[in-house]
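Undergrad: In the numbering used here, the protein residues as written are 262 to 501.
Each residue gets a CB set at the ideal place from its N, CA and C atoms; glycine is no exception.
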C-alpha cells in the first residue's frame, strides 16, 4: 500500500507537467540598457547592454544572449567586455535527451583578452521541460581560439552547464544559469559564468528585473585582476 501511495505522489507532478507541455513555437526576446554616473570624490561611469532571445518549440530550443559593459573610474577604464552566446538544442524524439551546438564570442579589455571564440557540440538532459519550468544539464566539447595582448592559442575544452527557469506566477519568473569550462590538457586553465535573476512584467512590453552575474577565471593575466568579477544590475527592460 505504501508503494502504491508513493507511486501516486510521484505521478501527480509528472501528470501536471504533461498538461503544461510545450506544444507550439514561441519567441521571447528582451533588451535592457543601463547607465550609471557618479561624481564627487570619484568620477565613475558605467554603461551596460543586456539582450536575450529564446525560442522554444516541441522539437527544439534555441537560446541566445548578448551582454556588454563599458565603464571608467577616475578617468581610467575599469570595465570593458562583450560576450555573445548561442545554443541550439534538438530533442531526441519523445525523450528528454537533446543534442545541440554551442558557440560563444568574448572580449575583455581589462583581462587583456582581445578575442576568445569557442564552438562545439553538446549533449544534455531535461529533468523538466514545460511552459512554466525548465531544468537541464549538459556537457560538451569546444574548439577554442584565444588571442590576448601577448599570446595566441588554440585548444580544446570541456564544458558543463545547467539552466533553470521557473515562471512561478503569470507575470514573474526566476532564472539561473551556471557553466564551467576547462582546457582538456590543462584543467587549471578554467573559467566559469553564473547568471541568476528575477523578472517581473509591468505590462505587455515592460519588465522590472534584478540580475547577478559572476564571472570566474582560474588563471588571470595580472595580480591586479581579481579571479571573480561580480556585477549586480537592476532596472527596466523592453520585451518584444
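1. Work out the CA separation of residue 335 and residue 419 for me, nearest whole Å.
2. For the beta strand (DSSP E) containing residue 346, list its first residue and its last residue.
3. When burial is assigned at 16 or more other CB atoms within 10 Å of the CB, is residue 454 buried or exposed?
4. If I follow the unbroken beta strand (DSSP E) through residue 369, where does it start and stop?
5. I need the boundaries of the beta strand (DSSP E) containing residue 319, first residue and last residue.
6. Given this structure, state the Cα-to-Cα distance separating residue 286 from residue 315, to the nearest angstrom.
7. Measure the Cβ-Cβ separation of residue 381 and residue 400 and say whether it is below 8 Å.
8. To the nearest angstrom, how far is it from the Cα of residue 406 to the Cα of residue 473?
9. Could you tell me the boundaries of the beta strand (DSSP E) in which residue 448 lies?
10. With the cut-off set at 8 Å, would you say residue 328 and residue 348 are in Cβ contact?
11. Does residue 373 come out as helix, strand or coil in the three-state DSSP assignment?
12. Going by Cα to Cα distance, which pick from 352, 355, 368 and 354 is closest to residue 341?
13. Give the DSSP-derived three-state secondary structure of residue 392 in the structure shown.
TA: So, from the listed chains and residues:
1. CA-CA distance, residue 419 to residue 335, rounds to 39 Å.
2. Under the DSSP assignment, residue 346 falls in the beta strand (DSSP E) whose first and last residues are 337–352.
3. Counting other Cβ atoms within 10 Å of its Cβ, residue 454 reaches 16 or more and is therefore classed as buried.
4. Taken as a continuous stretch (DSSP letters only), the beta strand (DSSP E) holding residue 369 covers 358–369.
5. Premise fails: residue 319 is in no beta strand (DSSP E) and is neither H nor E.
6. Residue 286 and residue 315 have their C-alpha atoms some 11 Å from each other.
7. Against a cut-off of 8 Å, the Cβ pair of residue 400 and residue 381 comes out as no contact.
8. If I take the Cα positions, the gap works out to 28 Å.
9. Looking at the DSSP string, residue 448 is not in any beta strand (DSSP E), and its letter there is neither H nor E.
10. Result no, Cβ atoms of residue 328 and residue 348 do not sit closer than 8 Å.
11. Residue state, collapsed to three classes: coil.
12. Comparing Cα-Cα distances from residue 341 to each of 352, 355, 368 and 354, the minimum goes to 368.
13. Coil, per DSSP.
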